[in-house]
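Notes for the one structure printed next.
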């Protein structure tokens, strides 16, 4: 039994963190290609919904955090603040401006694939609420789904780095949306994941890299657990990590050391610890008893290393609560 859980106090803390940054415009790191002087605009003009949280994708998953917490803990002051802010933010006019940005010729690769996948997750979460947020956001979600549908067959090789470009992570988030809203896309995701990963064996797990917030090994395993039937996944996973019972590769079981949380890239490693906890906790129920316990123990160690650092420095604070929430939601299932 983990000592970390999504209780009301933790939920309120995460909600206050996200409420504090989704409307904070600066500092800001734009994913923006300029074609002329006229394109030099501030974030709130380019992105009237997702202008906070240091960058566009962090704003999107900051909103996912807020809506998820509002659904799970609806009778709180934070939930009421989230509802009011969402009503002000998710409007047809503002979504239209976000869509117009995507139609710029220079925006083809905007936020690919990480921001795409998180926007689909946000729309999926919005659909679990009775307000008009999901219908308002759906055109934006459909636009990103169309981009993903076009991109999957064009991507000859998967991207395996542990940062925003990771293919498997985007597939995990996008598949959950597609299974509800676009079965053709869901089928394409399953087909490409099998094409890219089905024959992977004896993963060496040379990680972490110095700026990674995802485990390339574990996020691939999580992806395969979502697209393969359980018996097939168990066989695949046994070949992918054949020495799991021996605690090998050892790199997957040791939390990353974060030397400087004011450095945005090094601070990614707190996210690695949280996302590994999410992956290990999600995979554990599919494993034999001893290996499952190892997975749960490893997840706990990673949570222990990271949970106290979700807030404190803006380089982590603008995004880490989302990954902490992923891990705690896996703990609670």
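Numbering (our numbering), first residue to last: 1 to 333.
Yeah, the Cβ is synthetic: ideal placement off N, Cα and C, and Gly gets one too.
| Check | Outcome |
| --- | --- |
| Would you check if the distance between the CB atom of residue 90 and the CB atom of residue 115 is smaller than 9 Å? | no |
| Going by DSSP in three states, residue 26 sits in which element: helix, strand or coil? | coil |
| Roughly how many whole angstroms lie between the Cα atoms of residue 38 and residue 83? | 34 Å |
| Using C-beta distances below 6 Å, list every residue in its chain close to residue 214, excluding the 5 sequence neighbours before and after it, in chain order. | 162, 166, 169, 275 |
| With a floor of 4 residues, list each alpha helix (DSSP H) that falls wholly inside the region 10-70, ordered by position along the chain. | 43-46 |
| How many Å lie between residue 326 and residue 285 at the Cα? | 16 Å |
| By a C-beta neighbour count over all protein chains shown, 10 Å radius and 16 as the cutoff for buried, is residue 255 buried or exposed? | buried |
| In three-state DSSP terms, what is residue 227? | helix |
| Throw me the rounded Cβ distance for the residue 318 and residue 54 pair, which I believe falls under 8 Å. | 4 Å |
| Leaving out five residues before and five after residue 159 in sequence, what residues of the same chain have Cβ atoms less than 7 Å from its Cβ? | 165, 166, 167 |
| Spatial neighbours of residue 273 within its chain, please: CB distance less than 7 Å, with the 5 preceding and 5 following residues excluded, ordered by chain position. | 255, 256, 302, 305, 306 |
| How is residue 127 classed by DSSP in three states: helix, strand or coil? | coil |
| Helix, strand or coil for residue 164? Go by DSSP, reduced to three states. | coil |
| Do residue 335 and residue 227 have their CB atoms nearer than 9 Å? | The structure shown does not extend to residue 335, since the chain is modelled only from 1 to 333, so the question has no answer here. |
| In the DSSP assignment, the alpha helix (DSSP H) including residue 137 goes from what residue to what residue? | 133-154 |
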